[in-house]
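> Mind having a look at this structure? Questions to follow.
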Amino acid sequence: MKVSAEDVRYIAGLSRLELSDDEIQRMRTDLNDILLYIDKLNELNTTNVEPTSHVLDISNVFQEDIPSQSLDVDRALANAPDRQDSYFRVPKIIE
Amino acid sequence: MDIARLNINELRLLLDKKEVSVKEVSEYYLDRIDKLNPRLCAYLITTNSNAEKMIDKAQKRIDNKQSLNLTGIPLAIKDNICTEGILTTCASRILYNFIPPYESTATKRLLEQDYILLGKTNLDEFAMGSSTENSAFCVTKNPWDLETVPGGSSGGSAAAVAADMCVAALGSDTGGSIRQPASFCGVVGLKPTYGRVSRYGLVAFASSLDQIGPITKCVKDSAIILKTISGNDASDSTSAPVSVPDYEDSLGRDIKGIRVGIPKEYFIDGMDKEVEKVIKDAINHLISLGAEPIEISLPHTEYAVATYYIIATSEASSNLARFDGVKYGFRRHGKDLMDMYLKTRSEGFGAEVKRRIMLGTYALSSGYYDAYYKKAQEVRTLLKTDFEKAFKNVDLILTPTSPTVAFKIGEKSNNPLQMYLSDIFTISINLAGLPAISIPCGFAHDMPVGLQIIGRYFEEPLILQVAYAYEQSTNWHQKRPILD
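Taken in order, these protein sequences are the chains called A and B.
Per our numbering, the first sequence starts with residue 359, numbered consecutively.
Per our numbering, the second sequence starts with residue 15, numbered consecutively.
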């Protein structure tokens, strides 16, 4: 199998996810099944093929620099799980 | 008169002639939703209390003889499209209480005509799935058989249209999420060209693939809604600066001599034989109306699903990084900031969303980027080139929307790869960014089958013209499930 339990833990860390031991085993099986299928892509030689990241031929979309109304603080903070004054409040970061 | 069966223009006529009021029509639908939703779970919320203001505004516009196409028309909106002041959850626990402070461009354009928002419809969490079983809140049932799935991810919208719980709905389509549920539920689903409809306010899943589109009871309704929601938008730099035609203009035109490509790769071994027969009959019907069939090849079709599940999950892993419990939505407290992130995301996301974030993060992680993400983008070019070559010789491409009819609830939910493969006929179209529609074209195993019509970039008028010609010479679109 391509992906080890250790790899799953590492990727979970990058993804900011905490997985139980059961979830890690299940995830490992699923990822390996899917990646095995995805290996199909290696049947194709793509040496001189340009990658496509965007289908339409649009680049450098600019706008006039005209100030307009932005969200006021109360509306921007209305969904905050925790707020203080005009800030989002989070657990202490710096010791 | 049965209000439930009316399409947009029929209802428009009654409203403008004052034979019914907006209030009567809206209440009729809200009652019907109350009656059917406990069984179908098509809607996550209805907008009873908000509806009143909308109803008054719409009625005033009608009274002043200033009604537009959608004035007073009750619609449903998929719950990953932001509606200002109205709960928008993406069927995820992580957004269970999110009330958007802004309106999506697509729904803003509906509001400018004073449409009636009936409610927000169920979906696979963050539109990730093909069955609507991945909703954190409930499983939507297919109105044609309550033991089967409605398809996904816009399963709530498709079920609501099929069960006459709205006149029409908006969905979103990243890999087939409008067309496959439309096919499973026997309704019309259109995925516009990438960039045709602004994505502003559509909660992002895979930004290079996502597109909003209509799910309707007939082709004309699809044209009317597309016309309303399309067009360039300064809030979405990927929306196309291409003028919007009147999509109703091409309806009713003769289809004689239109060249339709039949790709051999879409009639594969393992495809349901009854579905295949229904699709071949539909193609023959179009030929009898004057379409010219041409056999074509889209040789890289078999690589589409693998390509999609790298590109879509990579983009998703990046897009969903914003859900961290800081600015909105669910938060689980932790001993420090990192602990809060971990707990919030682990409890907030469901299994399929986690799987896709993990797969995308893996594909983008150091050392694997070239092998997976870059490789998939190169194959995406090959898939796009397949279509470009085909469209040199044909005007449209005809395929089944799905290799099967709707499957049973639970049948594929434990096998992610099997579930992914059910999108095999819709995914390439998103990777290439092309427009495509699914229209009802018959039944197999007593369940609806959809015909997919794919067009060149921005050639929705031709797609709609052929779809309309098919629809008006058959009666599949008039069939309804028995629910009462």
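From the three backbone atoms N, C-alpha and C, an ideal C-beta is built for every residue, glycine too.
Note that the structure is a prediction, hence the values are computed from the model and not measured.
Within 10 Å of its beta-carbon, does R53/B have 16 or more other beta-carbons around it, so buried, or fewer, so exposed?
As a working note, residue 53/B is residue 39 in the second sequence. Answer is exposed; the Cβ neighbour count stays below 16.
> Quick check on the DSSP output: the alpha helix (DSSP H) that includes R384/A runs from which residue to which?
Taking the first sequence and counting its residues from 1, one reaches residue 384/A at position 26. Per DSSP, R384/A belongs to the alpha helix (DSSP H) from 379-396.
> What are the residues of the segment 381-404 of chain A that lie near chain B, defined by any Cβ-Cβ distance shorter than 7 Å?
Of all residues in the segment 381-404 of chain A, M385, D388, L389, D391, I392, Y395, I396, K398, L399, L402, T404 have a Cβ within less than 7 Å of some Cβ in chain B.
> For T405/A, count the other beta carbons within 10 Å of its own beta carbon; 16 or more makes it buried, fewer makes it exposed. Which is it?
Residue 405/A sits at position 47 when you count from the first residue of the first sequence. T405/A is exposed by the Cβ-count criterion.
> Exposed or buried, which one is I452/A when buried takes at least 16 other CB atoms within 10 Å?
Translated into positions along the first sequence, residue 452/A becomes position 94. Counting Cβ neighbours within 10 Å, I452/A comes out exposed, since fewer than 16 surround it.
> State the CB to CB distance for the pair E485/B and I453/B, rounded to an integer number of angstroms; the pair is presumed to be in contact (CB under 8 Å).
Here residue 485/B refers to the residue found at position 471 of the second sequence. Here residue 453/B refers to the residue found at position 439 of the second sequence. Between I453/B and E485/B the Cβ distance is about 6 Å, and since that is below 8 Å, they are a contact.
> Give a yes or no on whether 7 Å exceeds the smallest Cβ distance from V431/A to chain B.
Taking the first sequence and counting its residues from 1, one reaches residue 431/A at position 73. With 7 Å as the cut-off, V431/A does not count as an interface residue toward chain B.
> Since I87/B and Y129/B are thought to touch, with beta carbons under 8 Å apart, how far apart are those beta carbons, to the nearest angstrom?
For the purposes of this step, residue 87/B is taken as residue 73 along the second sequence, with counting starting at 1. For the purposes of this step, residue 129/B is taken as residue 115 along the second sequence, with counting starting at 1. That pair is a contact at about 5 Å.
> Can you pull the chain B neighbours of E408/A, defined as C-beta to C-beta under 8 Å?
One-based indexing of the first sequence puts residue 408/A at position 50. Here the neighbours are E392, T395.
> If you draw a straight line from the C-alpha of F446/A to the C-alpha of A438/A, how long is it?
Within the first sequence, the letter at position 88 stands for residue 446/A. Within the first sequence, the letter at position 80 stands for residue 438/A. Each residue's alpha carbon lies about 6 Å from the other.
> Counting C-beta neighbours from all protein chains within 10 Å, is the total for G200/B 16 or more, i.e. buried, or is it exposed?
Looking up residue 200/B in the second sequence gives position 186. G200/B should be labelled buried.
> If we cut at 7 Å on Cβ distances, does T375/B have a partner in chain A?
Within the second sequence, the letter at position 361 stands for residue 375/B. Yes - at least one Cβ of chain A is within 7 Å of the one on T375/B.
> Just checking, does the segment 166-181 of chain B make contact with the segment 128-146 of chain B on the three C-beta pairs under 8 Å criterion?
Judged by Cβ distances under 8 Å, the segment 166-181 of chain B makes contact with the segment 128-146 of chain B, as three or more pairs qualify.
> Quick one: list the residues of chain A neighbouring V340/B, beta-carbon separation under 7 Å, in chain order.
Start at 1 with the first residue of the second sequence, and residue 340/B comes out as number 326. Within 7 Å Cβ-Cβ: F446, V448.
> Would G203/B and R193/B be called neighbours here (beta carbons separated by less than 7 Å)?
Counted from its first residue, the second sequence places residue 203/B at position 189. Counted from its first residue, the second sequence places residue 193/B at position 179. For G203/B and R193/B, yes; Cβs fall inside 7 Å.
> Alpha carbon to alpha carbon, how far is A105/B from A150/B? Give it in angstroms, no decimals.
For the purposes of this step, residue 150/B is taken as the residue at position 136 of the second sequence. For the purposes of this step, residue 105/B is taken as the residue at position 91 of the second sequence. C-alpha separation (whole angstroms): 5 Å.
> For F446/A, name the three-state secondary structure that DSSP assigns.
Within the first sequence, the letter at position 88 stands for residue 446/A. It is a strand residue.
> If you follow the beta strand (DSSP E) that G469/B is in, where does it begin and where does it stop?
Within the second sequence, the letter at position 455 stands for residue 469/B. G469/B -> beta strand (DSSP E) spans 461-469.
> Where DSSP assigns a beta bridge to A183/B, which residues make up the other side?
Taking the first residue of the second sequence as 1, we reach residue 183/B at position 169. DSSP output for A183/B lists A90/B, I229/B as bridge partner(s).
> For E33/B, count neighbouring Cβ atoms within 10 angstroms of its own Cβ and tell me buried if that reaches 16, exposed if not.
Locating residue 33/B in the second sequence gives position 19, counting from the first residue. Exposed is the call here.
> Quick one: Cα of G469/B to Cα of D268/B, how far?
The residue labelled residue 469/B in the question sits at position 455 within the second sequence. The residue labelled residue 268/B in the question sits at position 254 within the second sequence. Roughly 17 Å between the two C-alpha positions.
> By Cβ distance below 7 Å, which residues in the same chain neighbour H459/B in space, the five residues on each side in sequence not counted?
Residue mapping note: residue 459/B aligns to position 445 of the second sequence, counting from 1. Here the set comprises E288, V419.
> Beta-carbon within less than 8 Å of E366/B's beta-carbon, same chain only, minus the 5 sequence neighbours each way: which residues are those?
Here residue 366/B is taken as the residue at index 352 of the second sequence, counted from 1. Excluding positions up to five away in sequence, the list reads D138, E139, M142, G143, N148, P430.
> If we cut at 7 Å on Cβ distances, does R374/A have a partner in chain B?
If you number the first sequence from 1, residue 374/A lands on position 16. Yes, R374/A lies at the interface with chain B (some Cβ there is under 7 Å from its Cβ).
> Given this structure, state the Cα-to-Cα distance separating R90/B from Y322/B, to the nearest angstrom.
Locating residue 90/B in the second sequence gives position 76, where the first residue counts as 1. Locating residue 322/B in the second sequence gives position 308, where the first residue counts as 1. In the sequence as displayed, the identity of residue 90/B is Ala instead of Arg. One C-alpha to the other measures close to 28 Å.
> If you draw a straight line from the alpha carbon of T387/A to that of D365/A, how long is it in whole angstroms?
If you number the first sequence from 1, residue 387/A lands on position 29. If you number the first sequence from 1, residue 365/A lands on position 7. Cα to Cα, T387/A sits roughly 12 Å from D365/A.
> Here's a check: name, in chain order, each residue in its chain whose Cβ is nearer than 6 Å to the Cβ of H412/A, leaving out the five neighbours to either side.
By 1-based counting over the first sequence, the position of residue 412/A is 54. Correct list: empty, nothing qualifies.
> Please determine if the segment 293-302 of chain B and the segment 318-336 of chain B are in contact, where contact requires at least 3 C-beta pairs separated by less than 8 Å.
The segment 293-302 of chain B vs the segment 318-336 of chain B: no contact.
> Would you verify that the beta carbon of P439/A is, or is not, closer than 7 Å to some beta carbon of chain B?
Working through the first sequence from its first residue, we reach residue 439/A at position 81. For P439/A, the answer is yes, since a Cβ of chain B falls inside 7 Å of its Cβ.
> Tell me whether N148/B counts as near the ligand HEM, meaning its Cβ is closer than 6 Å to at least one heavy atom of that ligand.
Annotation note on the ligand HEM: not contained in the displayed structure, which lists no ligands.
> Do R359/B and L372/A have their beta-carbon atoms positioned less than 7 Å apart in this structure?
In the first sequence, the residue the question calls residue 372/A occupies position 14. In the second sequence, the residue the question calls residue 359/B occupies position 345. In this structure, R359/B does not lie closer than 7 Å to L372/A by Cβ.
> Keeping to the same chain, check which residues put their C-beta closer than 6 Å to that of A220/B; ignore five residues upstream and five downstream.
In the second sequence, counting from the first residue as 1, residue 220/B sits at position 206. Cβ within range, chain order: T188, A326, E329, A330.
> Using the Cα positions of T61/B and Y386/B, report the straight-line distance between them to the nearest angstrom.
In the second sequence, residue 61/B corresponds to position 47, counting from 1. In the second sequence, residue 386/B corresponds to position 372, counting from 1. Cα to Cα, the separation comes out at about 44 Å.
> Since S171/B contacts K92/B with CB under 8 Å, what's their CB separation in whole angstroms?
Numbered from its first residue, the second sequence carries residue 171/B at position 157. Numbered from its first residue, the second sequence carries residue 92/B at position 78. So it is a contact: roughly 5 Å between Cβ atoms.
> So what does DSSP say about P454/B, is it helix, strand or coil?
For this step, residue 454/B is matched to residue 440 along the second sequence. P454/B falls in the strand class under three-state DSSP.
> Hey, would you say K231/B sits closer than 7 Å to Y261/B, going by beta carbons?
Locating residue 231/B in the second sequence gives position 217, counting from the first residue. Locating residue 261/B in the second sequence gives position 247, counting from the first residue. Taking 7 Å as the Cβ cut-off, K231/B and Y261/B do not qualify as a contacting pair.
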